[in-house]
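Undergrad: Dropping a structure here in structure tokens format, bear with me for questions.
In the working numbering, the protein residues as written are 7 to 325.
Structural data, given as structure tokens:
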């Protein structure tokens with residue numbers, strides 16, 4: 007279901023519910039969001055009115071120029087030191103034989119969305135790439151249209167809303183893919199998804215932290231490597247069902263069988279990571295959610311309520 011300038015019709019809200027299903031994807035927009043964004047922009051720019059500042063700063067042009075040159079020199083040196091530290095970290099990871107995945111792709115989807123099956127199939131294609139970790143996150147906000155999604159969790163809707171809040175657009179829709187926690191695209195638009203994958207890599211948000219998973223008896227060991235100048239991050243374990251086919255009995259996809267890939271069944275907070283090498287231990291029994299046969303571990307900056315870039319990831323079977 008969809009929302010964009012190309013959409014012919016947007017969902018309408020009646021008695022607290024959204025009405026209207028669109029051809030390519032369907033969008034839920036928080037009331038008043040556009041107005042609040044415009045007001046925020048207005049006050050931000052009005053504080054920086056050049057006309058009111060010019061005369062006050064004219065006598066200090068020379069001093070300002072000298073200070074600017076000093077700041078540039080300091081900033082350049084700091085950037086060079088950061089780049090050197092990151093290069094050293096990457097070299098250490100390479101020498102240790104750690105193969106980093108290229109991307110993590112989260113698909114927000116719904117069995118009640120007629121536009122979602124092509125995106126579900128595309129995620130299955132992406133999952134065949136060993137360098138891509140793909141996740142299906144079924145949302146519940148389309149359950150009222152005639153079919154209750156058998157895989158949906160409200161926590162996935164909350165996660166999608168959190169991503170929208172961080173981006174600042176405050177819009178959620180299905181199908182939507184989020185790449186590495188930073189780039190969003192219509193999940194059924196192959197070109198847009200490929201562009202998001204490239205943008206995430208070019209923007210420096212490509213996965214840089216090595217994550218290794220192993221078993222120690224009844225525990226899962228999560229070894230997280232190092233990253234210079236790393237932001238604070240949380241470590242999450244997501245039990246998944248590798249593949250599940252669902253027969254949909256009602257709603258827009260009535261009569262269809264849809265196969266879902268790496269269906270997330272739960273979220274287990276493993277701990278926090280500060281950039282230094284660390285090892286976490288998780289009892290495997292805590293990961294056995296509703297038929298889950300594998301687990302995906304994410305190292306993600308920010309918090310679950312305000313998620314940032316995904317810095318590292320790994321997956322392993324649950325035996």
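Beta carbons are placed, not taken as given, at the ideal position from N, Cα and C, and that holds for glycine. Please read these numbers as outputs of a predicted model, since none were measured by experiment.
I think residue 152 touches residue 256, with their Cβ atoms under 8 Å apart; what is that distance to the nearest whole Å?
TA: One-based indexing of the chain shown puts residue 152 at position 146. One-based indexing of the chain shown puts residue 256 at position 250. With 8 Å as the limit, residue 152 and residue 256 qualify as a contact, their Cβ atoms being about 5 Å apart.
Undergrad: When DSSP labels each residue in this structure, what does residue 106 get in the three-state scheme?
TA: Looking up residue 106 in the chain shown gives position 100. Residue state, collapsed to three classes: coil.
Undergrad: Give a yes or no on whether the C-beta atoms belonging to residue 6 and residue 245 are separated by under 8 Å.
TA: Beyond the ends of the chain as shown, which are 7 and 325, falls residue 6; an answer cannot be given.
Undergrad: May I ask you to report which of helix, strand or coil DSSP gives residue 119?
TA: In the chain shown, the residue the question calls residue 119 occupies position 113. Here residue 119 sits in coil by DSSP.
Undergrad: In angstroms, rounded to a whole number, what distance separates the CA positions of residue 166 and residue 264?
TA: Residue 166 sits at position 160 when you count from the first residue of the chain shown. Residue 264 sits at position 258 when you count from the first residue of the chain shown. Spanning the two alpha carbons is a distance of roughly 22 Å.
Undergrad: For residue 267, which residues from the same chain have a beta carbon less than 8 Å from its beta carbon, with the 5 sequence-adjacent residues on both sides left out?
TA: As a working note, residue 267 is residue 261 in the chain shown. So the list reads 126, 129, 130, 133, 140, 142, 248 and 249, once near-sequence residues are dropped.
Undergrad: Can you tell me which of 145, 320, 324 and 312 puts its alpha carbon nearest to the alpha carbon of residue 291?
TA: By 1-based counting over the chain shown, the position of residue 291 is 285. Here the closest residue by C-alpha is 324.
Undergrad: Within 10 Å of its beta-carbon, does residue 197 have 16 or more other beta-carbons around it, so buried, or fewer, so exposed?
TA: Taking the chain shown and counting its residues from 1, the one referred to as residue 197 is at position 191. Classification for residue 197: exposed.
Undergrad: Can you grab the Cα-Cα spacing for the pair residue 144 / residue 107, in whole Å?
TA: Numbered from its first residue, the chain shown carries residue 144 at position 138. Numbered from its first residue, the chain shown carries residue 107 at position 101. Distance between the alpha carbons of residue 144 and residue 107 is about 23 Å.
Undergrad: For residue 232, tell me which candidate among 188, 284, 208 and 184 has the shortest Cα-Cα distance.
TA: To locate residue 232, count along the chain shown from 1; it is residue 226. Of the candidates 188, 284, 208 and 184, the one whose C-alpha sits nearest the C-alpha of residue 232 is 284.
Undergrad: So, for residue 289: in the same chain, excluding its five sequence neighbours on each side, which residues have a beta-carbon less than 7 Å away from its beta-carbon?
TA: Here residue 289 corresponds to residue number 283 of the chain shown, with the count starting at 1. The residues are 224 and 225.
Undergrad: Using the Cα positions of residue 214 and residue 273, report the straight-line distance between them to the nearest angstrom.
TA: Walking along the chain shown from the start, residue 214 turns up at place 208. Walking along the chain shown from the start, residue 273 turns up at place 267. Computed Cα separation, rounded: 22 Å.
Undergrad: Measure the C-alpha to C-alpha separation of residue 156 and residue 234 and round it to an integer number of angstroms.
TA: Walking along the chain shown from the start, residue 156 turns up at place 150. Walking along the chain shown from the start, residue 234 turns up at place 228. Rounded to the nearest angstrom, the two C-alpha atoms are 42 Å apart.
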